[in-house]
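Protein chains in written order, with the working numbering: chain A, 170 to 283; chain B, 696 to 808.
By construction, the Cβ of each residue, glycine as well, lies at the ideal position given by its N, Cα and C atoms.
These notes are about the structure you will find just below.
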Amino acid sequence: DGGITQSPKYLFRKEGQNVTLSCEQNLNHDAMYWYRQDPGQGLRLIYYSQIVNDFQKGDIAEGYSVSREKKESFPLTVTSAQKNPTAFYLCASSIMGDRSNEQFFGPGTRLTVL
Amino acid sequence: QQQVKQSPQSLIVQKGGISIINCAYENTAFDYFPWYQQFPGKGPALLIAIRPDVSEKKEGRFTISFNKSAKQFSLHIMDSQPGDSATYFCAASISSNTGKLIFGQGTTLQVKP
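Following this line, the structure appears as structure tokens:
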């Protein structure tokens, strides 16, 4: 089965802790993305990567960090600097070029700060 | 200029009726307009998409209407079913770019039996 997997499905964090969300894809897509979704709002782009070992900030990158050591994997770390981290986090992937905006999403991770 | 405005925020339709969701944009460089369907607790799934070289695209019960001059596009769900109850997002993007999608705020659709 080709697709995008995210883990864990639910994640609880104490204030002041860093947490890492996993995203893996076996679609052989070059580009990967992280979005944040809050109730009643659209998705907002956190970071994206078009190639291994390279990534760019999206619209709301503050308090987050990413790495792209393998084509298949794009983990997101929510740091203690993120002041309001409770949200639904979505990972997506796409091919490169003119069709890079045809993005496929994973099932999401719901992060709650206690 | 990068915003996509979506309306209504919520919508209730009777089974068999037509659901209509509207989006408006400002950036005339946008050339790809997808609609995503999201069920509670799940990731969004690409439903249908259109490029500005056509004014309408139909896939089954789902139709996108596109008005380039008005900078608006809409999703029509014909013969709406309770299984269509979900949140729908429009988005806009510029091809040959970073792939960045600009999303609307979402519309929660409830189809009553």
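Residue of the options minimising C-alpha distance to residue i
i                      : options                    : result
residue 700 of chain B : B:737, B:755, B:767        : B:767
residue 771 of chain B : B:782, B:765, B:753        : B:753
residue 782 of chain B : A:183, A:209, A:174        : A:209
residue 749 of chain B : B:704, B:764, B:808, B:735 : B:764
residue 743 of chain B : A:282, A:280, A:283, A:271 : A:271
residue 246 of chain A : A:253, A:235, A:283, A:180 : A:235
residue 267 of chain A : B:760, B:708, B:726, B:757 : B:726
residue 215 of chain A : A:265, A:243, A:199        : A:243
residue 804 of chain B : B:707, B:756, B:797        : B:707
Bridge partner(s) assigned by DSSP for residue i
i                      : result
residue 724 of chain B : Paired residue(s): none; residue 724 of chain B is not in a bridge.
residue 798 of chain B : B:786
residue 173 of chain A : A:194
residue 239 of chain A : A:242
residue 706 of chain B : B:804
residue 700 of chain B : B:719
Presumed contact (8 angstroms Cβ cut-off) between residue i and residue j, rounded CB distance
i                      : j                      : result
residue 196 of chain A : residue 175 of chain A : The pair is not a contact, with the Cβ atoms about 14 angstroms apart (cut-off 8 angstroms).
residue 205 of chain A : residue 258 of chain A : 6 angstroms
residue 711 of chain B : residue 774 of chain B : 6 angstroms
residue 799 of chain B : residue 211 of chain A : 5 angstroms
residue 223 of chain A : residue 237 of chain A : 7 angstroms
residue 734 of chain B : residue 787 of chain B : That pair is no contact at about 23 angstroms.
residue 280 of chain A : residue 255 of chain A : 6 angstroms
What residue ranges within the region 200 to 237 of chain A form continuous alpha helix (DSSP H) runs of no fewer than 4 residues, ordered along the chain?
Runs of the alpha helix (DSSP H) spanning 4 or more residues and lying entirely within the region 200 to 237 of chain A do not occur at all.
Identify each residue in the region 732 to 744 of chain B for which the Cβ-Cβ distance to at least one residue of chain A is less than 9 angstroms, and report them in chain order.
Of all residues in the region 732 to 744 of chain B, 733, 736, 737, 738, 739, 740, 741, 744 have a Cβ within less than 9 angstroms of some Cβ in chain A.
Check distances from the C-beta atoms of the region 778 to 790 of chain B to those of chain A and list, in chain order, the residues that come in under 7 angstroms.
Those residues of the region 778 to 790 of chain B that come within reach of chain A (Cβ to Cβ, closer than 7 angstroms) are 784, 788, 790.
Can you list, in chain order, the residues of the region 204 to 220 of chain A whose Cβ is nearer than 9 angstroms to any Cβ on chain B?
Of all residues in the region 204 to 220 of chain A, only 204, 206, 209, 210, 211, 212, 213, 214, 217, 219 place a beta-carbon less than 9 angstroms from a beta-carbon of chain B.
Which full runs of the beta strand (DSSP E) of 3+ residues lie inside the region 708 to 779 of chain B, going along the chain?
Whole beta strand (DSSP E) segments, 3+ residues: 714 to 720, 728 to 733, 740 to 745, 751 to 754, 757 to 762, 767 to 772.
Check distances from the C-beta atoms of the region 172 to 201 of chain A to those of chain B and list, in chain order, the residues that come in under 9 angstroms.
Listed by position, the residues of the region 172 to 201 of chain A near chain B (Cβ gap below 9 angstroms) are 173, 175, 178, 200.
Got a sec: which bits of the region 224 to 248 of chain A sit with their beta carbon under 9 angstroms from any beta carbon on chain B, in order along the chain?
The residues in question are 225, 227, 228.
Name, going along the chain, the residues of the region 701 to 722 of chain B whose beta-carbon falls closer than 9 angstroms to a beta-carbon of chain A.
Listed by position along the chain: 701, 704.
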